[in-house]
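S.K.: In the UniProt record's numbering, the protein residues as written are 1 to 313.
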């Protein structure tokens with residue numbers, strides 16, 4: 001994923017630059033695609049009970065219908081419920097799972113630049129699991145906020161007032177373990193996401209450059225990012241829906257990921273595992289495009305800065 005295309009890209013950025021670039025690019029992508037993610041979460045939790053946790057009877061239909069319904073009934077600000085936690089999440093998750101990917105890939109190949117599919121998959125699984133290990137609370141809070149329906153007219157009570165209030169409230173009411181609710185499911189999800197996202201991007205980009213379809217610039221990054229987003233959505237949707245249901249659940253509702261999946265299958269059928277697929281694809285596809293294009297450009301900006309600084313010395 002490091003490949004060059006001339007100029008600044010010929011120099012390899014350090015691990016610290018990659019970590020910072022990935023975290024920053026993840027936040028940029030989060031800001032650009034957050035309403036789609038909120039719509040995805042609302043569609044995923046729809047149907048898990050007759051009433052949502054906030055007592056709403058609202059039905060959501062399709063990604064754009066969901067966005068319009070949220071805007072009409074709750075106001076446009078609700079599309080960005082939990083954005084602060086989402087940015088916390090990307091600053092932690094993206095910096096580790098994307099920023100350390102090349103480093104782990106070289107670790108599994110003993111420093112070789114020619115990594116096979118096995119080394120790429122291992123690197124993706126490793127950094128995905130590492131990211132969840134310390135950043136899980138940010139994901140739990142983000143999901144809770146996105147699922148929270150704001151209906152002042154109905155007298156419904158908001159679960160949390162701010163991201164920091166949510167961290168504190170969850171820890172107080174559910175214990176510290178509540179902040180790591182769904183952790184095992186999320187480790188599985190992020191390992192799958194990382195493998196699908198980073199390995200697919202890596203391979204598509206390598207083939208584009210190998211066969212001179214494009215140079216190592218923005219059109220190449222756009223194409224590889226779009227392909228990575230589609231493949232990831234197809235593979236990860238079932239795990240993502242289960243993860244969302246568990247994170248948004250009241251204590252004791254599910255005994256684990258398998259129990260949650262079984263209840264979904266019996267009550268809602270197999271299609272429940274692909275609820276919110278279109279917004280998930282729109283979100284992941286656009287997120288990958290924005291993130292990878294930003295990531296590549298931020299890395300190059302750092303290298304150009306380093307080159308200009310060295311030239312001035």
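All C-beta atoms, glycine included, are put in the ideal place defined by N, C-alpha and C. All values reported here derive from a predicted model rather than from experimental measurement.
(1) Can you tell which of 135, 285, 170 and 86 has its C-alpha closest to the C-alpha of residue 223?
(2) Taking a contact to mean a Cβ-Cβ separation below 8 Å, would you say residue 290 touches residue 146 in this structure?
(3) Rounded to whole angstroms, how far is the Cβ of residue 242 from the Cβ of residue 260, which I believe are closer than 8 Å?
(4) Can you give me the C-alpha to C-alpha distance between residue 133 and residue 183, rounded to a whole angstrom?
(5) The alpha helix (DSSP H) spanning residue 206 covers which residue range?
(6) For residue 33, which residues of its own chain have a beta-carbon under 6 Å away from its beta-carbon, when the five flanking residues on both sides are left out?
(7) I want to see whether chain B comes within less than 8 Å of residue 209, judged by CB atoms only; does it?
(8) Exposed or buried, which one is residue 305 when buried takes at least 16 other CB atoms within 10 Å?
(9) Give the single residue among 187, 149, 191 and 137 whose Cα lies nearest to the Cα of residue 165.
(10) Report yes if the C-beta distance between residue 140 and residue 170 is below 8 Å; otherwise report no.
(11) With 16 as the cutoff for other CB atoms within 10 Å, does residue 255 come out buried or exposed?
(12) Does the region 114-124 come close enough to the region 67-83 to have 3 or more Cβ pairs within less than 8 Å?
(13) Could you please give the first and the last residue of the uninterrupted alpha helix (DSSP H) stretch that includes residue 186?
(14) Are the CB atoms of residue 270 and residue 36 within a distance shorter than 8 Å?
(15) I want to know whether the region 174-182 touches the region 203-210 - three or more CB-CB distances under 8 Å.
(16) Looking at C-alpha atoms only, which residue of 301, 294 and 123 is the closest neighbour of residue 107?
(17) Is residue 257 helix, strand or coil by DSSP?
(18) Could you round the C-beta distance between residue 299 and residue 21 to whole angstroms and report it? I think they count as a contact, below 8 Å.
(19) Out of 310, 296 and 312, state which residue places its alpha-carbon closest to the alpha-carbon of residue 17.
(20) Less than 8 Å between the CB atoms is what I'm expecting for residue 86 and residue 168, so what's the real figure, rounded?
(21) Check for me: the alpha helix (DSSP H) holding residue 146 runs from which residue to which?
(22) Secondary structure at residue 104, three-state DSSP: helix, strand or coil?
(23) Quick check on DSSP: helix, strand or coil for residue 237?
(24) Can you tell me the Cβ-Cβ gap for residue 23 and residue 94, rounded? I've got them flagged as a contact below 8 Å.
(25) Using the beta-carbon count (16 or more within 10 Å), is residue 91 buried or exposed?
(26) One question on the structure: do residue 200 and residue 227 come within less than 8 Å of each other, judged by their Cβ atoms?
(27) For my contact list, residue 74 and residue 28 are in at a C-beta cut-off of 8 Å; report their separation, rounded to the angstrom.
(28) By DSSP, does residue 41 sit in helix, in strand, or in coil?
(29) Restricting to Cα atoms, I'd like to know which of 13, 26 and 38 is closest to residue 277.
(30) Report all residues from its chain with a CB closer than 8 Å to the CB of residue 71; omit the five preceding and five following residues, and keep chain order.
(31) To which residues of the same chain is residue 60 closer than 7 Å at the C-beta, ignoring the five residues directly before and after it?
(32) Determine the closest residue to residue 115 out of 215, 264, 11 and 203, with distance taken between C-alpha atoms.
M.R.: Taking the geometry as given:
(1) 285
(2) no
(3) 5 Å
(4) 8 Å
(5) 200-210
(6) 283, 286 and 287
(7) The chain inventory of the structure shown lacks chain B, comprising one protein chain alone.
(8) exposed
(9) 137
(10) yes
(11) exposed
(12) no
(13) 183-194
(14) no
(15) no
(16) 123
(17) helix
(18) 5 Å
(19) 296
(20) Going by Cβ atoms, the distance from residue 86 to residue 168 rounds to 18 Å, so no, they are not a contact pair.
(21) 117-147
(22) helix
(23) helix
(24) 5 Å
(25) buried
(26) yes
(27) The pair is not a contact, with the Cβ atoms about 26 Å apart (cut-off 8 Å).
(28) helix
(29) 38
(30) 78 and 79
(31) 42, 43, 46, 66 and 69
(32) 203
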